[in-house]
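Here is the structure we will look at, set down as structure tokens.
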Amino acid sequence: MELKKINPPQIGRKTLSDQVYEFLKGAIIFQEIPQTKLGVKLNETELASLLGVSQTPIREALNMLRKEGLVLGNSYQGSTVIDFSIEDIDNIFEMREILEITVIRHAYRKFTKEDYEKLEEILNEYENVYSDLDFREISEVNNRFHNYLVDKSGNKWLKKFLDSINDYLIMVRSPIMKTRKENKGLDNREAIIEHKEILNALKNGDLNQAEMAMKKHINRVKKEICVYLEKRDADMPLKE
-12 MELKKINPPQ IGRKTLSDQV YEFLKGAIIF QEIPQTKLGV KLNETELASL LGVSQTPIRE
48 ALNMLRKEGL VLGNSYQGST VIDFSIEDID NIFEMREILE ITVIRHAYRK FTKEDYEKLE
108 EILNEYENVY SDLDFREISE VNNRFHNYLV DKSGNKWLKK FLDSINDYLI MVRSPIMKTR
168 KENKGLDNRE AIIEHKEILN ALKNGDLNQA EMAMKKHINR VKKEICVYLE KRDADMPLKE
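If you use my numbering, the sequence shown corresponds to residues -12 to 227, in order.
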């Protein structure tokens, strides 16, 4: 396949390795180029050619990504983008549900009128960006909604643990959102409805309903990802 070169990162205060790292991390998390798909072995020579840099900043960037768990392997055996099994998804979402429900329980009594207004503003923006199906924008606004809840809980460790799995959550949803963008008729607005249900329950002071709405949202996303992985794995050619 003929590679189309892109403009190399501009050197500023950040080192070239840092800039390559940021590009590759974004490409991996949002599954934006074929060279960084889930489970793909990374070709340092190909990536260097794609970015118009030497292999040295590529290797240094991959070392950073290994530390974050987004890339597996080492510089001797080669590097591979992390992939996920259905069991992985079950485990990740089990953890996410526990954390998000704990956030709700800590935060719901602390909300003020101003907090609800701010969350409504975020959801209005969420609805606007969702129509364009730009997953980077959708993820950014979605994270703002959930981070607002976490910050209101007052528990910095909840945020730390949720942040530790957030990149994985985005990675496994990126191919699904890409398909929706390519086939606009497949778009659905369940995520918007679910976030509004969470907010309305909080506004009504109904903790049980808020927890149920959060669980509904999390389980729907998990099911969506599992269906995608099952289809993807079924379509993969068998290895001899």
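Ideal Cβ positions, reconstructed from N, Cα and C, are used throughout, including at glycine.
Test item: CB-CB of residue i and residue j under 8 Å
| i | j | result |
| --- | --- | --- |
| M46 | S62 | Here residue 46 is Arg; the residue named in the question, Met, does not match the sequence. Yes. Within cutoff. |
| I15 | L49 | no |
| I109 | F80 | no |
| L11 | L59 | no |
Beta carbon proximity, residue i to chain D, threshold 8 Å
| i | result |
| --- | --- |
| Q6 | In summary, chain D is missing from the structure at hand, where a single protein chain is found. |
Residue span of the beta strand (DSSP E) that contains residue i, given as start and end
| i | result |
| --- | --- |
| S161 | Looking at the DSSP string, S161 is not in any beta strand (DSSP E); the run it does join, the alpha helix (DSSP H), is 143 to 169. |
| N238 | In the structure displayed, the chain extends from -12 to 227; residue 238 sits before or after that span and is not available. |
Where residue i falls: helix, strand or coil (DSSP)
| i | result |
| --- | --- |
| T67 | strand |
| L189 | helix |
| G172 | Reliability fails at G172, whose pLDDT of 46 lies under 50, so the model's placement of it is uncertain and no value is given. |
| G39 | coil |
| Q18 | coil |
| L119 | Checking the displayed sequence, the identity of residue 119 turns out to be Asp instead of Leu. Of the three classes helix, strand and coil, the one that applies to D119 here is coil, per DSSP. |
| F10 | helix |
| K1 | coil |
| T23 | helix |
Length of the line joining the Cα atoms of residue i and residue j
| i | j | result |
| --- | --- | --- |
| M158 | Q18 | 7 Å |
| E198 | E217 | 28 Å |
| E33 | T43 | 13 Å |
| D5 | I125 | 25 Å |
| F71 | K146 | 23 Å |
| D222 | E55 | 29 Å |
| E227 | G26 | Residue confidence for E227 is low, a pLDDT of 43 falling below 50, so the modelled location carries little weight; the figure read from the coordinates is stated next. C-alpha separation (whole angstroms): 18 Å. |
| Q22 | T67 | 10 Å |
| T89 | H182 | 17 Å |
| M201 | I20 | 32 Å |
| I180 | K210 | 17 Å |
| V137 | K143 | 8 Å |
| S36 | E112 | 38 Å |
| V96 | E127 | Checking the sequence shown, residue 96 turns out to be Arg, not Val. In a straight line, the C-alpha of R96 is about 26 Å away from that of E127. |
| G13 | D154 | 10 Å |
| R219 | E101 | 44 Å |
| D193 | I69 | 39 Å |
Paired residues, beta bridge with residue i - DSSP
| i | result |
| --- | --- |
| L59 | T67 |
Endpoints, the alpha helix (DSSP H) within which residue i is located
| i | result |
| --- | --- |
| K139 | 122 to 140 |
| R83 | 73 to 94 |
| K97 | Careful: K97 lies outside any alpha helix (DSSP H) and carries neither H nor E. |
Closer than 7 Å: residue i CB and nearest the ligand NAP heavy atom
| i | result |
| --- | --- |
| E211 | This structure simply doesn't include the ligand NAP, nor any ligand for that matter. |
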